[in-house]
Amino acid sequence: MKLLLEKDHVEGIRYYDTYRREGGYRSVEKALKTMSPEAIVEEVKKSGLRGRGGAGFPTGMKWSFIAKPEGVPRHLVCNADESEPGTFKDRYLMEFIPHLLIEGLIVSSFALGSNATYIYIRGEYAWIVDILEQAITEAKNNGWLGKNILGTGFDCEIYVQRGAGAYICGEETALIESLEGKRGNPRIKPPFPAIKGVWDRPTVVNNVETLAAVVPIINMGGEEYAKIGVGKSTGTKLISACGNLNKPGVYEIDMTISVEEFIYSDKYCGGIPNGKKLKACIPGGSSVPILPANLLLKTAKGEQRMMNYESLSDGGFATGSMMGSGGFIVLDEDQCVVRHTLTLARFYRHESCGQCSPCREGTGWMEKILHNIEYGKGKMTDVDLLWDIQRKIEGNTICPLGDAAAWPVAAAIRHFRDEFEWHILNPEESQKRNYGIAHYADERAVAV
Amino acid sequence: MADQQQLFKVTIDNITVEVPPGTTILNAARKIGGDVAPPAMCYYSKLQGSGGKCRTCLVEVSKGSDKDPRPMPKLVASCRTTVMDGMEVKNITSPKVIDARAGVVEFLLINHPLDCPICDQAGECHLQDLSYEHGKAGTRYEFQRRTFHKVDLGDKIQLHMTRCILCYRCVFVADQLTNKREHGILDRGDHAQIATYIEKNLHNEFIGNVIDVCPVGALTDKTFRFKNRVWFTKPVDAHRDCPKCSGEVQLWMRGDEVFRVTARKDEWGEVKDTTSGKPGWICNDCRFDKKHINDWVIEGPSAISRHSVISQGHYVGIEKPKEVLIDVMGGRKPRLFLDIHDVSEVNKPNIELSLIDGPATSDTFNGTKKD
Ligand SMILES: Cc1cc2nc3c(=O)[nH]c(=O)nc-3n(C[C@H](O)[C@H](O)[C@H](O)COP(=O)(O)O)c2cc1C
Ligand code: SF4
Ligand code: SF4
Ligand code: FES
């Protein structure tokens, strides 16, 4: 089932004329002419859409929290920072069908009463900025933006703001600070952005994919949308698959397929190159816990693991993980978990904003210990020490980056402790990385 | 009476207080005082927006409120969380809090050397107290620490970044007290540092207050550095007629010499309000340039909490404890139940302990062991 990427193969879909010819901007007509803002929020609630930026919070509910003080402007901000390692779905969407995002933004701005809407985009996506700006100009020239849109009296402008390329600026309150021209430090909540956001005005921050999904929701109606998928995982989800896969890329799935099908079927990732075995996978972007093959394909209860919010998090962090932002990173049997964990730890250390002591100091400490282990200088006590450090960061910080730094380390130790210990006990061998660790690989999954 | 303000009941470590809505847990706990008040390194009552960063004040909310009794899922920063009616909070009674706080202290000490014997802030440093109360004797950190050169921020203030714990207080001072923002934080994460824009000097009439707010020894007063240890000096309240600030200060004296001038601070280390009710920040002139006793009208000795090492040697109105046991017992001789010299050879005054092989055991004691 494709809703967002349905038309991505149509030549010229990036440009307004083609997009419009293919049925684009219908949702704006429908929403602005026939629906009230409240009705749109209601429709989004009915759709069961969950935020696609990582946390999976129900979008309709988030929208209904926005404060509406008399005479105070409100803002919608599109989070196009997309800096989670392994996640590159928003980029695909913006690059190939920018008008879908603009369309979603117009409808959402109307629903939230935002006359000035921002797209905060990561600095490295410079070429996408041009694409978006062109799309905005086209939309404006054709009367979908600006003053008195479609004669309904609704005014809306969309501004593109480039970040300087800091992961932390994807966190919604840091994003708001950065948008205001300040250092991108997360704010201490409460107050939440729905009460005090950009310039202290009520603000909603949503992910690119979330906002794009508003278009099919309005076109088909919330109830129809909710029928796609399963349980509380309604609609379709973009998954950016990478790592040891025959066909890495961005896939739109409805959330009824199994993880096994996603990895091995030719419709999606087409299996693992060179006949290698699956060792592990980080299913939702680098901050979510890594799962070894056996727990990835089957839950702890022995049920098939599905590509949806509930199934991926089934078992909690002990035996499950998270859907997160949909960055699906696959590791084959030759990959070294210690090295991967070090790479991630280095990333989080570098990206910590440095406001709170546990994250600022803890991420650096973890990286140094992992560095020692990886380069043959580890001690057996280091594993427990790492465990203790991550435990003292998690839950004790201002923003979830602390947790995002702690979880990968925790999960790696939880599921691959013997690999860490092997590294420590065999410092020289581990440098050659020829330590058969195939016992982690899932035998059953080889020949699907 | 009808519009009398409603008060919220909040119970912290089993002690209940009533506070106005909008009060933070930290300030409610400070009302109780003592050990119940969580430590706070980054919150500073006189600086807007401060707090929430260092995480030393984390507490457990075991009951949200009367209306919604669910406990909060995570520990919360008490300096930024406001109380609800019927809230129940655990600070020192929560093992989770103690554990998390020990973690925070360990993190803070990674890049803050415990060089208290040579640090100018010794005796006034909150991290020193904190590491004493929550720290461990050793550290598990085995890597190189951050190092920095000392930086002179103008001719009166010195910055030792090695000791900075990035609490942001000085940044708030520069932002909120002075009319030109001159310094802030560069870089991110554990490579973040307090810096002025390309090592510019700090010139601002009130910038000296950064020294007072710094909870550790990262910002020090160059007119005082190493002239004396703070606990050897005597704090007295004094004032002068100052055109720029209230002129209400504390002088740190030895004999008739004024060694240092600071703002007056309360029990929590925060600047007190002046007698007219305004926050008592002081200007650079009062702080750095008025070091003669004739510049000041002395009001009297400052009240210093006995908790503080500063009170060492100068309590006001305190009776010194009697030293000799006989004095304590009102002239009576202590009654000995056992004279150890009678029963133990090892305790005989003429026995040289160093000559006994190995440890003295109960056998030696009972006289059953022969050499
Ligand atoms: C460190 C950090 C980085 C984040 N980066 C992004 C990001 O790049 N893109 C994004 O959409 N959300 C990101 N988020 C999540 C946002 O804070 C926020 O939850 C999201 O934009 C809300 O949109 P949604 O409700 O549509 O998911 C990040 C969160 C954290 C803690
Ligand atoms: S958790 Fe890390 S990134 Fe988030 S506010 Fe604290 S130091 Fe900054
Ligand atoms: S210099 Fe002092 S006041 Fe400034 S951030 Fe560092 S520790 Fe805090
Ligand atoms: S004093 Fe509360 S977090 Fe620093």
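Those sequence lines, one after another, are chains A and B. Last residue of the first sequence: number 448 in the UniProt record's numbering, and the count goes up by one each step with no gaps. Last residue of the second sequence: number 371 in the UniProt record's numbering, and the count goes up by one each step with no gaps. We put the CB at the ideal spot given by N, CA and C, even for glycine.
Inset, instruction - Would you please verify whether the beta carbon of residue 391 of chain B is less than 8 Å from any beta carbon of chain A? - result: What is shown of chain B runs 1 to 371, which leaves residue 391 of chain B out entirely.
Inset, instruction - At 7 Å on the CB atoms, spell out the chain B contacts of A:LEU342, in chain order. - result: One-based indexing of the first sequence puts residue 342 of chain A at position 342. Near A:LEU342 there are no residues of chain B at all, since even the closest Cβ is about 15 Å away, more than 7 Å.
Inset, instruction - Can you pull the chain A residues whose beta carbon is under 7 Å from the beta carbon of B:ALA174, in chain order? - result: In the second sequence, counting from the first residue as 1, residue 174 of chain B sits at position 174. Around B:ALA174, no beta-carbon contact reaches into chain A at under 7 Å, the shortest distance being about 14 Å.
Inset, instruction - Quick one: list the residues of chain B neighbouring A:HIS350, beta-carbon separation under 8 Å, in chain order. - result: Residue numbering aside, residue 350 of chain A sits at position 350 when the first sequence is read from its first letter. For the C-beta of A:HIS350, the chain B residues within less than 8 Å are, from N- to C-terminus, ARG188, GLY189.
Legend entry - Neighbour flag for B:GLY103 against chain A, beta carbons, 8 Å: Position 103 of the second sequence, counted from the start, is the residue given in the question as residue 103 of chain B. Yes, B:GLY103 lies at the interface with chain A (some Cβ there is under 8 Å from its Cβ).
Legend entry - 7 Å Cβ shell around A:PHE57 - same chain, five flanking residues per side excluded: Position 57 of the first sequence, counted from the first residue, corresponds to residue 57 of chain A. Around A:PHE57: ARG50, GLY51.
Legend entry - Residue closest to B:LEU166, alpha-carbon to alpha-carbon, out of B:LYS265, B:PRO301, B:PRO215: Numbered from its first residue, the second sequence carries residue 166 of chain B at position 166. For the set B:LYS265, B:PRO301, B:PRO215, the Cα lying nearest the Cα of B:LEU166 is the one of B:PRO215.
Legend entry - Boundaries (first-last residue) of the beta strand (DSSP E) holding B:ASP152: Mapped onto the second sequence, residue 152 of chain B falls at position 152. 151-153 is the span of the beta strand (DSSP E), which, as asked, contains B:ASP152.
Inset, instruction - Return helix, strand or coil for A:LEU211, following the three-state DSSP convention. - result: As a working note, residue 211 of chain A is residue 211 in the first sequence. DSSP places A:LEU211 in the helix class (H, G or I) of the three-state scheme.
Legend entry - Close Cβ partners of A:TRP199 (< 7 Å) along its chain, the five nearest in sequence each way excluded: The count along the first sequence starts at 1 and reaches residue 199 of chain A at position 199. Counting only Cβ-Cβ distances below 7 Å, and skipping sequence neighbours, we find GLU180.
Legend entry - Any non-hydrogen atom of ligand 3 within 7 Å of A:ILE102 CB: Within the first sequence, the letter at position 102 stands for residue 102 of chain A. For A:ILE102, the shortest separation between its Cβ and any heavy atom of ligand 3 does not lie below 7 Å.
Legend entry - 7 Å Cβ shell around A:ARG28 - same chain, five flanking residues per side excluded: For the purposes of this step, residue 28 of chain A is identified with residue 28 of the first sequence, where counting begins at 1. Looking at the sequence itself, residue 28 of chain A is Val, so the reference to Arg does not match. Same-chain partners within the cutoff: GLU103, ILE106, VAL107, TRP144.
Legend entry - Short-range partners of chain B found in the region 399-412 of chain A, where Cβ spacing is below 7 Å: Within the region 399-412 of chain A, no residue qualifies.
Legend entry - Cutoff 8 Å: B:LEU166 Cβ touching any chain A Cβ: Reading the second sequence from its first residue, position 166 is the one you call residue 166 of chain B. For B:LEU166, the answer is yes, since a Cβ of chain A falls inside 8 Å of its Cβ.
Inset, instruction - Just jot down, in chain order, the residues whose CB lies closer than 6 Å to any heavy atom of ligand 4. - result: Those residues, listed in chain order, are B:ALA40, B:MET41, B:CYS42, B:TYR43, B:GLY51, B:GLY52, B:LYS53, B:CYS54, B:ARG55, B:THR56, B:CYS57, B:ALA77, B:CYS79.
Inset, instruction - Return the chain-ordered list of same chain residues with a C-beta closer than 7 Å to the C-beta of A:ILE393, the five sequence neighbours on each side being excluded. - result: If you number the first sequence from 1, residue 393 of chain A lands on position 393. For A:ILE393, where only same-chain residues beyond five positions count, the Cβ hits under 7 Å are PRO358, CYS359, GLY362, GLY402, ALA405, ALA406.
Legend entry - Counted within 10 angstroms of its Cβ, other Cβ atoms place B:ARG254 as buried (16 or more) or exposed: Reading the second sequence from its first residue, position 254 is the one you call residue 254 of chain B. Exposed, by the Cβ-count rule.
Legend entry - Buried or exposed by the 16-neighbour rule on C-beta atoms within 10 Å, applied to A:LEU4: Working through the first sequence from its first residue, we reach residue 4 of chain A at position 4. By the neighbour-count criterion, in which a residue is buried when 16 or more other Cβ atoms sit within 10 angstroms of its Cβ, A:LEU4 is buried.
Legend entry - Cβ-heavy atom distance, A:GLY54 to ligand 1, below 7 Å: Mapped onto the first sequence, residue 54 of chain A falls at position 54. Because some heavy atom of ligand 1 lies under 7 Å away, the Cβ of A:GLY54 counts as near it: yes.
Inset, instruction - Kindly indicate if chain A contains any beta-carbon less than 8 Å away from that of B:ARG254. - result: Position 254 of the second sequence, counted from the start, is the residue given in the question as residue 254 of chain B. Residue-level contact check: B:ARG254 does not touch chain A, since none of the beta carbons of chain A fall below 8 Å from its beta carbon.
Legend entry - A:LYS368 versus A:ARG162: straight-line alpha-carbon distance, rounded: For the purposes of this step, residue 368 of chain A is identified with residue 368 of the first sequence, where counting begins at 1. For the purposes of this step, residue 162 of chain A is identified with residue 162 of the first sequence, where counting begins at 1. Rounded to the nearest angstrom, the gap between the Cα atoms of A:LYS368 and A:ARG162 is 32 Å.
Legend entry - Beta-carbon proximity list for B:VAL17, same chain, < 7 Å, skipping 5 on both sides: Residue 17 of chain B sits at position 17 when you count from the first residue of the second sequence. Non-local C-beta neighbours of B:VAL17 in its own chain, meaning closer than 7 Å and more than five positions away in sequence, comprise VAL10, ALA28, LYS31, ILE32, ordered along the chain.
Inset, instruction - Would you list the residues whose beta-carbon is nearer than 6 Å to any heavy atom of ligand 2, in the order they occur in the chain? - result: Going along the chain, the residues that qualify are A:ILE168, A:PRO186, A:SER352, A:CYS353, A:GLY354, A:GLN355, A:CYS356, A:CYS359, A:ARG360, A:THR397, A:ILE398, A:CYS399, A:LEU401, A:GLY402.
Inset, instruction - Take B:MET71 and list the residues in its own chain whose beta-carbon comes closer than 7 Å to its own, dropping the five residues that flank it on each side. - result: Working through the second sequence from its first residue, we reach residue 71 of chain B at position 71. It should be noted that the sequence gives Pro, not Met, for residue 71 of chain B. Excluding positions up to five away in sequence, the list reads VAL61, SER62, LYS63, GLY64.
Inset, instruction - List the endpoints of the continuous beta strand (DSSP E) containing B:MET253. - result: For the purposes of this step, residue 253 of chain B is taken as residue 253 along the second sequence, with counting starting at 1. B:MET253 -> beta strand (DSSP E) spans 248-254.
Legend entry - Integer Cβ distance of A:GLY376 from A:GLN431, believed to fall under 8 Å: For the purposes of this step, residue 376 of chain A is identified with residue 376 of the first sequence, where counting begins at 1. For the purposes of this step, residue 431 of chain A is identified with residue 431 of the first sequence, where counting begins at 1. About 6 Å separates the two Cβ atoms, so the contact holds.
Inset, instruction - Could you please give the first and the last residue of the uninterrupted alpha helix (DSSP H) stretch that includes B:LEU109? - result: For the purposes of this step, residue 109 of chain B is identified with residue 109 of the second sequence, where counting begins at 1. Where B:LEU109 is concerned, the enclosing alpha helix (DSSP H) stretches over 95-110.
Legend entry - Beta carbon of B:MET161 nearer than 8 Å to that of B:ALA218: By 1-based counting over the second sequence, the position of residue 161 of chain B is 161. By 1-based counting over the second sequence, the position of residue 218 of chain B is 218. Yes.
Legend entry - Pairwise C-alpha distance: B:VAL230 and B:GLU124: Working through the second sequence from its first residue, we reach residue 124 of chain B at position 124. Working through the second sequence from its first residue, we reach residue 230 of chain B at position 230. Taking the straight line from one Cα to the other gives about 8 Å.
Legend entry - Cutoff 8 Å: B:ASN111 Cβ touching any chain A Cβ: Along the second sequence, read from residue 1 onward, the residue named residue 111 of chain B stands at position 111. At a cut-off of 8 Å between C-beta atoms, B:ASN111 counts as an interface residue with respect to chain A.
Legend entry - B:ALA195 CB to nearest heavy atom of ligand 3 below 7 Å: The sequence position of residue 195 of chain B within the second sequence is 195, counting from 1. With a cutoff of 7 Å, B:ALA195 does not count as near ligand 3, since its C-beta is closer than that to no heavy atom of the ligand.
Legend entry - Buried versus exposed, by CB contacts within 10 Å (16 or more), A:ASP137: In the first sequence, the residue the question calls residue 137 of chain A occupies position 137. Correcting the residue type first, residue 137 of chain A is Thr in the shown sequence and not Asp. Classified as exposed, A:THR137 has fewer than 16 neighbouring CB atoms from the shown chains inside 10 Å of its CB.
Inset, instruction - Report whether the distance from the Cβ of B:VAL213 to the nearest heavy atom of ligand 3 is below 7 Å. - result: Within the second sequence, the letter at position 213 stands for residue 213 of chain B. The beta carbon of B:VAL213 sits closer than 7 Å to at least one heavy atom of ligand 3.
Inset, instruction - Could you tell me whether the Cβ of B:ARG145 comes closer than 8 Å to any Cβ of chain A? - result: For this step, residue 145 of chain B is matched to residue 145 along the second sequence. Not an interface residue.
Inset, instruction - Give the straight-line distance between the Cα atoms of A:ASN274 and A:ILE329, rounded to the nearest whole angstrom. - result: Taking the first sequence and counting its residues from 1, one reaches residue 274 of chain A at position 274. Taking the first sequence and counting its residues from 1, one reaches residue 329 of chain A at position 329. Taking the straight line from one Cα to the other gives about 17 Å.
Inset, instruction - Starting from B:CYS54, find everything on chain A with Cβ-Cβ shorter than 8 Å and list it in chain order. - result: The residue you call residue 54 of chain B lines up with position 54 of the second sequence. Here the neighbours are CYS356, SER357.
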